[in-house]
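Below: one structure, written as structure tokens.
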Amino acid sequence: MKIKKTYSFAFWTSFYITLITSCALFLVAYFFLNTTLTLNFLLLFIGVIFIVTFLISQYRLEIFIYQRLKKIYNSVSILDSSDFNKTSITSDIDSLSKEVQKFAQNKQEQIKILTLRENYRREFLGNVSHELKTPLFTVQGYLLTLADGAINDKKISHKYIERANKGVDRLIAIVKDLDLISKLESADLNLNKQPFNIIEVIQSVFDLLEIKTKKRNISLFLDKQYNYPIQVIGDVEKIEQVLTNLIVNSIKYGKIGGTTIVSVTPFEKEKILVKISDNGEGIKAEHKARLFERFYRVDQSRSREQGGSGLGLSIVKHIVEAHNEQIFVESEFKKGSVFSFTLEKVENI
Ligand code: ADP
Numbered sequence: 000m001k002i003k004k005t006y007s008f009a010f011w012t013s014f015y016i017t018l019i020t021s022c023a024l025f026l027v028a029y030f031f032l033n034t035t036l037t038l039n040f041l042l043l044f045i046g047v048i049f050i051v052t053f054l055i056s057q058y059r060l061e062i063f064i065y066q067r068l069k070k071i072y073n074s075v076s077i078l079d080s081s082d083f084n085k086t087s088i089t090s091d092i093d094s095l096s097k098e099v100q101k102f103a104q105n106k107q108e109q110i111k112i113l114t115l116r117e118n119y120r121r122e123f124l125g126n127v128s129h130e131l132k133t134p135l136f137t138v139q140g141y142l143l144t145l146a147d148g149a150i151n152d153k154k155i156s157h158k159y160i161e162r163a164n165k166g167v168d169r170l171i172a173i174v175k176d177l178d179l180i181s182k183l184e185s186a187d188l189n190l191n192k193q194p195f196n197i198i199e200v201i202q203s204v205f206d207l208l209e210i211k212t213k214k215r216n217i218s219l220f221l222d223k224q225y226n227y228p229i230q231v232i233g234d235v236e237k238i239e240q241v242l243t244n245l246i247v248n249s250i251k252y253g254k255i256g257g258t259t260i261v262s263v264t265p266f267e268k269e270k271i272l273v274k275i276s277d278n279g280e281g282i283k284a285e286h287k288a289r290l291f292e293r294f295y296r297v298d299q300s301r302s303r304e305q306g307g308s309g310l311g312l313s314i315v316k317h318i319v320e321a322h323n324e325q326i327f328v329e330s331e332f333k334k335g336s337v338f339s340f341t342l343e344k345v346e347n348i
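With numbering that gives the first Met the number 0 applied, the sequence shown covers 0 to 348.
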């Protein structure tokens, strides 16, 4: 408890009480007892009365204010026991009102954050259900047609089953990406950082994507022969995911018969830059700022046609940023795009 001493109230209260009682005493003595009080006695009486009333008033005042303020503090700390409770109770109204203002500001900021989160949650839910709806309805459509009799026509049934299966593949891809992004966004993203050879990882991603590249007749290669390993530090599985997403995009949005080139170059003193360049459709400048947002697509139908979930680049950004690294994009519409990200070289660890 910290009480700011405000004596003026107690002073004036005791002053008036002393004045009234001294006058009363003087008059009673003069008229009823027929004596005049000695100056010494009168001064002693004034002194005692003044000090006693002053002390009582001051004491009562402090207790009164303290109890009232304590109530305010208690009711505020019910709302926010964390920060308000820590401060000692003060009867200094100025600092009290400052504290209450600070408290209100704090609450306003918290409300703002909660509203933002709520909006984000609502938007995210809306996006997810929208994403799932399209392939689900496609699958349902084919299954219903099959059930309505198309199953008896061998030619059609085969085609429809294949299409329904494609829809299921899309659903699985979306759910997988959603699962990954929710894991990445939860605070417990555990990076299993270790040294690895980035060239080897790039090669294994090339091998994994061979069929995809062939389908679109895209040549996928490294910019030069890397005869020596380039050791970097990071979570190898997650970096493989980054490379896969970026290379898959370069295939999806690259032109048929086009080229995707991956290069590894030194960046600043202790880093390297992994660059994925394609000569595909490119991205207009106005889209660049939003490219890494969840579910953002430049061309909705083109992305869906290519089986994209709209989450690929946001997954990439999450992983790169969790490594405390940077991601860059340069693109020219109709000419091609270059996505690049940094990684720490092993020598510096
Ligand atoms: P999607 O599942 O739609 O591919 P991404 O998050 O991977 O989602 O990409 C978001 C959007 O960015 C894509 O829809 C596409 O329009 C654009 N994009 C991504 N990579 C490239 C690229 N290499 N070339 C042109 N556009 C691209």
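Glycine residues also receive a C-beta, built at the ideal position from the N, C-alpha and C atoms. This one's a predicted model, so the numbers in the text were calculated from it and none came from an experiment.
(request) Measure the C-alpha to C-alpha separation of residue 123 and residue 340 and round it to an integer number of angstroms. (result) For the purposes of this step, residue 123 is taken as residue 124 along the sequence shown, with counting starting at 1. For the purposes of this step, residue 340 is taken as residue 341 along the sequence shown, with counting starting at 1. Taking the straight line joining both Cα atoms gives about 27 angstroms.
(message) Under 7 angstroms: does the beta carbon of residue 290 sit that close to some heavy atom of the ligand ADP?
(response) Sequence index remark: in the sequence shown, residue 290 carries index 291 (1-based). Under cutoff, so the answer is yes.
(message) Suppose you measure from the CA of residue 183 to the CA of residue 292; what does that come to, to the nearest Å?
(response) In the sequence shown, the residue the question calls residue 183 occupies position 184. In the sequence shown, the residue the question calls residue 292 occupies position 293. Looking at the two C-alpha atoms, the distance is approximately 14 angstroms.
(request) In the DSSP assignment, find the unbroken beta strand (DSSP E) run with residue 248 in it and report its ends. (result) As a working mapping, residue 248 is identified with position 249 in the sequence shown. Premise fails: residue 248 lies in the alpha helix (DSSP H), 235-251, not in any beta strand (DSSP E).
(message) Using C-beta distances below 6 angstroms, list every residue in its chain close to residue 205, excluding the 5 sequence neighbours before and after it, in chain order.
(response) To locate residue 205, count along the sequence shown from 1; it is residue 206. For residue 205, where only same-chain residues beyond five positions count, the Cβ hits under 6 angstroms are 219.
(request) With DSSP as the reference, label residue 335 as helix, strand or coil. (result) In the sequence shown, residue 335 corresponds to position 336, counting from 1. Residue 335: strand per DSSP, three-state reduction.
(message) Looking at residue 157: is its Cβ nearer than 8 angstroms to the Cβ of residue 233?
(response) Taking the first residue of the sequence shown as 1, we reach residue 157 at position 158. Taking the first residue of the sequence shown as 1, we reach residue 233 at position 234. No.
(message) Among the candidates 121, 260, 254, whose CA atom is the shortest distance from the CA of residue 201?
(response) For the purposes of this step, residue 201 is identified with residue 202 of the sequence shown, where counting begins at 1. Per the Cα distances, 260.
(message) Please determine whether the Cβ atom of residue 215 lies at a distance below 7 angstroms from any heavy atom of the ligand ADP.
(response) In the sequence shown, the residue the question calls residue 215 occupies position 216. False, no ligand heavy atom lies under 7 angstroms from that Cβ.
(request) Compute every distance between the C-beta of residue 312 and the non-hydrogen atoms of the ligand ADP, then say whether any falls below 7 angstroms. (result) The residue labelled residue 312 in the question sits at position 313 within the sequence shown. Yes - the ligand ADP has a heavy atom lying nearer than 7 angstroms to the Cβ of residue 312.
(message) Run through the DSSP bridge pairs and tell me what residue 193 is partnered with.
(response) Residue mapping note: residue 193 aligns to position 194 of the sequence shown, counting from 1. Looking at the DSSP assignment, residue 193 forms a beta bridge with 233.
(message) Can you find the residues in the same chain that come closer than 6 angstroms, C-beta to C-beta, to residue 237, ignoring five residues on each side of it along the sequence?
(response) Numbered from its first residue, the sequence shown carries residue 237 at position 238. Around residue 237: 318.
(request) Could you name the residues of the same chain whose beta carbon sits closer than 8 angstroms to that of residue 80, not counting the 5 residues immediately before and after it, in chain order? (result) Here residue 80 corresponds to residue number 81 of the sequence shown, with the count starting at 1. Any reading at residue 80 must be qualified, since the residue scores a pLDDT of 47, below 50, and its modelled position is unreliable; the value itself is stated next. Same-chain partners within the cutoff: there are none.
(request) Report whether the distance from the Cβ of residue 277 to the nearest heavy atom of the ligand ADP is below 7 angstroms. (result) Numbered from its first residue, the sequence shown carries residue 277 at position 278. For the ligand ADP, at least one heavy atom lies less than 7 angstroms from the Cβ of residue 277.
(request) Less than 8 angstroms between the CB atoms is what I'm expecting for residue 177 and residue 310, so what's the real figure, rounded? (result) By one-based count along the sequence shown, residue 177 stands at place 178. By one-based count along the sequence shown, residue 310 stands at place 311. Rounded, the Cβ-Cβ distance is 7 angstroms, consistent with contact.
(request) Could you work out which residue in 97, 306, 342, 98 is closest to residue 272 when comparing CA atoms only? (result) Position 273 of the sequence shown, counted from the start, is the residue given in the question as residue 272. Comparing Cα positions, the closest option is 342.
(request) Assign residue 277 to one of two classes, buried (16 or more other C-beta atoms within 10 Å of its C-beta) or exposed (fewer than that). (result) Residue numbering aside, residue 277 sits at position 278 when the sequence shown is read from its first letter. Counting Cβ neighbours within 10 Å, residue 277 comes out buried, since at least 16 surround it.
(message) I need the DSSP call for residue 341, collapsed to helix, strand or coil.
(response) Translated into positions along the sequence shown, residue 341 becomes position 342. Strand at residue 341.
(message) Is residue 256 a contact residue of the ligand ADP, with contact defined as CB to any heavy atom under 7 angstroms?
(response) Within the sequence shown, numbered from 1, the residue matching residue 256 stands at position 257. No, the Cβ of residue 256 stays beyond 7 angstroms of every heavy atom of the ligand ADP.
(request) Kindly indicate which residue of 257, 57, 149 has the alpha-carbon position closest to the one of residue 12. (result) On the sequence shown, residue 12 is found 13 positions in, with the first residue counted as 1. Looking at the Cα atoms, 57 is the closest of the given residues.
(message) Excluding the 5 residues flanking residue 137 on each side, which residues of the same chain have their C-beta closer than 6 angstroms to its C-beta?
(response) Here the question's residue 137 lines up with position 138 in the sequence shown. These residues qualify, in order along the chain: 166.
(message) Rounding to the nearest angstrom, what Cα-Cα distance links residue 120 and residue 181 in this structure?
(response) The residue you call residue 120 lines up with position 121 of the sequence shown. The residue you call residue 181 lines up with position 182 of the sequence shown. So the two alpha carbons sit approximately 12 angstroms from each other.
(message) Need the endpoints of the beta strand (DSSP E) that residue 223 sits in, please.
(response) Within the sequence shown, the letter at position 224 stands for residue 223. That residue, residue 223, is in no beta strand (DSSP E); it is neither H nor E in DSSP.
(request) Within the same chain, show all residues whose beta-carbon is closer than 6 angstroms to that of residue 329, passing over the 5 residues directly before and after it, in chain order. (result) Counted from its first residue, the sequence shown places residue 329 at position 330. Hits under 6 angstroms: 337.
(message) Buried or exposed, going by whether 16 or more other CB atoms sit within 10 Å of the CB of residue 301?
(response) Taking the first residue of the sequence shown as 1, we reach residue 301 at position 302. Answer is exposed; the Cβ neighbour count stays below 16.
(message) Suppose you measure from the CA of residue 15 to the CA of residue 73; what does that come to, to the nearest Å?
(response) Working through the sequence shown from its first residue, we reach residue 15 at position 16. Working through the sequence shown from its first residue, we reach residue 73 at position 74. Cα to Cα, residue 15 sits roughly 36 angstroms from residue 73.
(message) Shorter than 7 angstroms, the distance from the beta carbon of residue 252 to the closest heavy atom of the ligand ADP, or not?
(response) Taking the sequence shown and counting its residues from 1, the one referred to as residue 252 is at position 253. True, at least one ligand heavy atom lies under 7 angstroms from that Cβ.
(message) When you measure from the CB of residue 296 to every non-hydrogen atom of the ligand ADP, does any distance come out below 7 angstroms?
(response) One-based indexing of the sequence shown puts residue 296 at position 297. Yes; taking the cut-off as 7 angstroms, the Cβ of residue 296 has a heavy atom of the ligand ADP nearer than that.
(request) Measure the beta-carbon distance from residue 245 to residue 282 and round it to whole angstroms, keeping in mind my assumption that it falls under 8 angstroms. (result) Your numbering for residue 245 matches position 246 in the sequence shown. Your numbering for residue 282 matches position 283 in the sequence shown. In fact, because the Cβ distance is near 13 angstroms, the residues do not count as touching under 8 angstroms.
(request) Alpha carbon to alpha carbon, how far is residue 96 from residue 63? Give it in angstroms, no decimals. (result) For the purposes of this step, residue 63 is identified with residue 64 of the sequence shown, where counting begins at 1. For the purposes of this step, residue 96 is identified with residue 97 of the sequence shown, where counting begins at 1. About 18 angstroms.
(message) Suppose you measure from the CA of residue 195 to the CA of residue 173; what does that come to, to the nearest Å?
(response) Start at 1 with the first residue of the sequence shown, and residue 195 comes out as number 196. Start at 1 with the first residue of the sequence shown, and residue 173 comes out as number 174. Those two C-alpha atoms are separated by around 29 angstroms.
(request) With DSSP as the reference, please indicate the residues paired to residue 277 in a beta bridge. (result) Here the question's residue 277 lines up with position 278 in the sequence shown. Per DSSP, 259, 336.
(message) Is it buried or exposed, residue 208, if we count other Cβ atoms within 10 angstroms and call 16 or more buried?
(response) In the sequence shown, counting from the first residue as 1, residue 208 sits at position 209. So residue 208 ends up on the buried side.
(message) Considering just the uninterrupted stretch of the alpha helix (DSSP H) at residue 10, what are its terminal residues?
(response) On the sequence shown, position 11 is the one that residue 10 refers to. It spans 7-30 - the alpha helix (DSSP H) in which residue 10 sits, taken as one unbroken run.
(message) Please report the distance separating the alpha-carbon of residue 154 from that of residue 145.
(response) Position 155 of the sequence shown, counted from the start, is the residue given in the question as residue 154. Position 146 of the sequence shown, counted from the start, is the residue given in the question as residue 145. If you take the alpha carbons of residue 154 and residue 145, they lie about 12 angstroms apart.
(request) Take residue 248 and list the residues in its own chain whose beta-carbon comes closer than 7 angstroms to its own, dropping the five residues that flank it on each side. (result) On the sequence shown, position 249 is the one that residue 248 refers to. Hits under 7 angstroms: 311.
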